[in-house]
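Residue numbers (my numbering): 85 to 256.
For each residue, glycine too, the CB sits at the ideal point set by N, CA and C.
Worksheet for the structure shown next.
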């Protein structure tokens, strides 16, 4: 049975398609955020999952919340477990005099650890790779903040016109 496409039906179809694509984008964004937040692991606990490095490079580990330039750098190789390297770094006891920012857990900590300067509840949601650098993507459940180095991050979506669908392409 052939359809008769009138101008009115074409207009209705385009509006429905536009609404469906907007809904698809919203659902994709919401489910991707929920997945990242639910799979993020706390820096105060040993990571249960591995994140195997897809390439060699340098891991940038911020010293405090929203640290832009104050990062410790560590070279890693293809196949290294980035979650383990991150945990080992942030689980170390540090001298509070070397950290001029506030300790979010306690100011009178007997043995403050590095992760205590990243926020009240820092978790690792993943890693962003840019030209041989791996940046840690943080999610703080207490502050309800997604941050990476100096700024906040969000999920980047792109529309593919050939398949007429939205896709996650990265973090910005």
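*asked:* For residue 75, which residues in the same chain have their Cβ closer than 7 Å to its Cβ, ignoring the five residues on either side in sequence?
replied: This structure does not reach residue 75, given that the chain is present from 85 up to 256, and the question cannot be answered.
*asked:* If you follow the beta strand (DSSP E) that residue 157 is in, where does it begin and where does it stop?
replied: 155-160
*Report the three-state DSSP secondary structure of residue 143 (helix, strand or coil).*
Residue state, collapsed to three classes: strand.
_If contacts are defined as beta-carbon pairs under 8 Å, then residue 217 and residue 144 qualify, I think. What distance do you get, rounded to the angstrom?_
Yes, they are in contact, since the Cβ atoms of residue 217 and residue 144 sit about 6 Å apart, within 8 Å.
*asked:* Give me, in chain order, the residues of the same chain whose beta-carbon lies closer than 6 Å to that of residue 112; leave out the 5 immediate sequence neighbours on both sides.
replied: 250
*asked:* Measuring straight from C-alpha to C-alpha, what distance separates residue 150 and residue 137?
replied: 24 Å
*Closer than 8 Å by C-beta to residue 169: which residues in its own chain qualify, once you throw out the five before and the five after it? Chain order, please.*
143, 158, 160
_Pick from 146, 105, 228 that is closest to residue 244, judged by C-alpha positions_ = 105
*Beta-carbon gap between residue 132 and residue 207 smaller than 9 Å*: no
*At which residues does the alpha helix (DSSP H) containing residue 226 begin and terminate?*
Where residue 226 is concerned, there is no enclosing alpha helix (DSSP H), given that its DSSP letter is neither H nor E.
*Could you have a look at residue 132 and say whether DSSP puts it in helix, strand or coil?*
coil
_Neighbourhood of residue 210 by C-beta distance below 7 Å, restricted to the same chain and skipping five residues each side_ = If the five residues before and after residue 210 are omitted, its C-beta is found closer than 7 Å to the C-beta atoms of 120, 221, all from its own chain and listed in chain order.
_Residue from 87, 89, 91, 228 with nearest C-alpha to residue 118_ = 228
_Cα-Cα separation, residue 100 to residue 246_ = 18 Å
*Would you tell me roughly how many angstroms separate the C-alpha atoms of residue 213 and residue 241, rounded to the nearest one?*
Each residue's CA atom was taken as its position, placing residue 213 and residue 241 some 17 Å apart.
*Take residue 114 and list the residues in its own chain whose beta-carbon comes closer than 6 Å to its own, dropping the five residues that flank it on each side.*
Beyond the five residues adjoining it in sequence on each side, residue 114 comes within less than 6 Å, by CB distance, of no other residue in the same chain.
*Which of helix, strand or coil does DSSP assign to residue 96?*
Assigned with DSSP and collapsed to three states, residue 96 falls in helix.
_For a test of the three-state rule: what should DSSP assign to residue 178, helix, strand or coil?_
coil
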